[in-house]
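S.K.: Take 67 as the starting number for the sequence shown in the working numbering and just add one per residue.
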Amino acid sequence: MSYSAFQESLQDLTSPGAVTAAVQKWVQMAQQQQPGDDLGDWMWLAWNAVISAAENTPVEQQDGLLLLLVELRKQEVPNRSVGDQKLWKDLPNLGMVARDAYNFGAFSPDSPEEGAKNDRLVGFLARLTGAVARDIDVETNKAKVSGDFALFGLWTLREVFEGIVDEQGRALGEKEFITADGELVQGADAQIASHAVNQASLWILGAGDYLWKLSKANTEFEQNLGIPGPHFKNRGWRGFNKERWAVWKRGFEKAQEWVVGEEAKKRVSDVVEKLAKLE
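1) Rounded to the nearest angstrom, what separates Glu242 and Asp176 at their Cα positions?
2) Run through DSSP, which three-state label would Leu157 get?
3) Tell me the rounded alpha-carbon separation between Asp156 and Gly106.
4) For Asp247 and Val85, what's the separation of their Cα atoms in angstroms?
5) State the Cα-Cα distance for the pair Arg304 and Gln100, rounded to the nearest angstrom.
6) Using the beta-carbon count (16 or more within 10 Å), is Pro158 buried or exposed?
7) Going by DSSP, what residue range makes up the beta strand (DSSP E) through Arg146?
8) Quick one: Cα of Leu220 to Cα of Ala273, how far?
9) Straight-line CA distance for Tyr69 to Gly83?
10) Taking the continuous alpha helix (DSSP H) assigned at Asp336, which residues delimit it?
11) Look up Glu249 in the DSSP assignment and say whether it is helix, strand or coil.
12) Please tell me whether Ala88 and Leu134 are closer than 9 Å, where the distance is taken between their beta carbons.
13) Going straight from the alpha carbon of Gln128 to that of Thr206, what length do you get?
14) Classify Lys299 as helix, strand or coil using the three-state DSSP reduction.
15) Is Ala216 near Phe318, with beta carbons less than 9 Å apart?
16) Can you tell me which residues form a DSSP beta bridge with Glu286?
17) Out of Gly196, Lys91, Ala164, Lys340, which has the shortest C-alpha to C-alpha gap to Trp110?
18) Have a look at Arg193 and Leu271 and give me their C-alpha separation to the nearest angstrom.
19) Taking the C-alpha atoms as reference points, what is the distance between Glu121 and Lys308?
20) Cβ atoms of Val325 and Val313: under 9 Å apart, would you say?
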């Protein structure tokens with residue numbers, strides 16, 4: 067089955083009926099695969115088609131694509147899996163493909179076109195996280211939930227408001243743009259910093275309710291995945307918590323004073339309003 071077959075199924079997801087038809091198409095395509103086959107490469111084609119569609123669709127127009135994945139999570143195709151992940155309910159390998167595509171360098175000076183693509187992907191993964199996590203009890207659910215990219219959100223929020231790091235939380239020694247108090251560093255490029263804050267905003271707008279629940283539950287991650295950025299390197303953080311949440315909240319509040327660009331200004335304002343309501 068070719069990449070183009072997945073692409074074609076994503077062309078017109080503007081109505082619930084179109085989404086239902088696409089879900090049925092994906093189930094049929096999975097049924098056509100031989101039981102026991104290694105479907106890893108096939109999954110790579112499927113998810114790259116989804117990632118490409120997300121990157122090229124404005125966040126506000128991604129409802130159909132989002133609903134497709136939500137509905138796919140309700141479908142289990144007998145004897146079709148990748149390892150112990152079942153099609154489609156476990157969205158096998160989506161996390162791996164998304165991680166390859168996701169630009170964790172929020173301050174990277176991308177071209178405007180690439181920056182816009184990454185913003186759309188950030189917005190999509192944030193909204194997907196918010197959608198699949200809506201009914202999760204964070205106090206009792208310990209299993210990994212397919213479509214939950216909260217850790218990506220933590221990494222973006224960490225880089226924007228805690229200092230620039232790599233994916234393992236190690237300081238890169240690069241020029242900083244935003245201080246520990248959320249202010250713009252003197253002489254820093256406000257355009258680049260505003261783009262980074264805009265990406266952080268997308269996580270709060272798309273999945274803020276869930277990230278706040280994780281923070282109240284002191285949700286931690288293994289190894290160094292959730293450690294703090296260099297501005298707060300002496301804190302014992304290993305994931306989400308209220309103290310860290312307060313740092314991010316203060317960062318958004320301060321960003322209102324210096325962020326540039328109408329889109330970024332609007333989103334930061336919406337985030338500050340949402341954060342006030344969450345608490």
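Note that beta-carbon positions come from the ideal geometry of N, C-alpha and C, so glycine has one too.
M.R.: This is what the structure holds:
1) For this step, residue 242 is matched to residue 176 along the sequence shown. For this step, residue 176 is matched to residue 110 along the sequence shown. Using only the alpha carbons, I get a separation of about 17 Å.
2) Against the sequence shown, residue 157 aligns to sequence position 91. Coil, per DSSP.
3) The sequence position of residue 156 within the sequence shown is 90, counting from 1. The sequence position of residue 106 within the sequence shown is 40, counting from 1. Answer to the nearest angstrom: the Cα atoms are 13 Å apart.
4) Residue mapping note: residue 247 aligns to position 181 of the sequence shown, counting from 1. Residue mapping note: residue 85 aligns to position 19 of the sequence shown, counting from 1. Spanning the two alpha carbons is a distance of roughly 44 Å.
5) Along the sequence shown, one-based indexing puts residue 304 at 238. Along the sequence shown, one-based indexing puts residue 100 at 34. For Arg304 and Gln100, the distance between alpha carbons rounds to 42 Å.
6) Looking up residue 158 in the sequence shown gives position 92. Per the 10 Å Cβ criterion, buried.
7) Numbered from 1 along the sequence shown, position 80 holds the residue referred to as residue 146. 142-148 is the extent of the beta strand (DSSP E) around Arg146.
8) The count along the sequence shown starts at 1 and reaches residue 220 at position 154. The count along the sequence shown starts at 1 and reaches residue 273 at position 207. If I take the Cα positions, the gap works out to 11 Å.
9) On the sequence shown, residue 69 is found 3 positions in, with the first residue counted as 1. On the sequence shown, residue 83 is found 17 positions in, with the first residue counted as 1. Distance between the alpha carbons of Tyr69 and Gly83 is about 23 Å.
10) Your numbering for residue 336 matches position 270 in the sequence shown. From DSSP, the alpha helix (DSSP H) with Asp336 extends over 328-344.
11) Reading the sequence shown from its first residue, position 183 is the one you call residue 249. Three-state result, Glu249: coil.
12) Taking the sequence shown and counting its residues from 1, the one referred to as residue 88 is at position 22. Taking the sequence shown and counting its residues from 1, the one referred to as residue 134 is at position 68. Contact flag set, yes.
13) Counted from its first residue, the sequence shown places residue 128 at position 62. Counted from its first residue, the sequence shown places residue 206 at position 140. Gln128 and Thr206: Cα-Cα distance of roughly 31 Å.
14) The residue given as residue 299 occupies position 233 in the sequence shown. Of the three classes helix, strand and coil, the one that applies to Lys299 here is coil, per DSSP.
15) Your numbering for residue 216 matches position 150 in the sequence shown. Your numbering for residue 318 matches position 252 in the sequence shown. No; because the gap between Cβ atoms is not below 9 Å, this pair is not in contact.
16) Here the question's residue 286 lines up with position 220 in the sequence shown. Glu286 is bridged to Gly305.
17) Position 44 of the sequence shown holds residue 110. When only C-alpha atoms are compared, the closest one is Ala164.
18) Taking the sequence shown and counting its residues from 1, one reaches residue 193 at position 127. Taking the sequence shown and counting its residues from 1, one reaches residue 271 at position 205. C-alpha separation (whole angstroms): 8 Å.
19) Within the sequence shown, the letter at position 55 stands for residue 121. Within the sequence shown, the letter at position 242 stands for residue 308. Rounded to the nearest angstrom, the two C-alpha atoms are 32 Å apart.
20) Here residue 313 refers to the residue found at position 247 of the sequence shown. Here residue 325 refers to the residue found at position 259 of the sequence shown. No, Cβ-Cβ distance for Val313 and Val325 is not below 9 Å.
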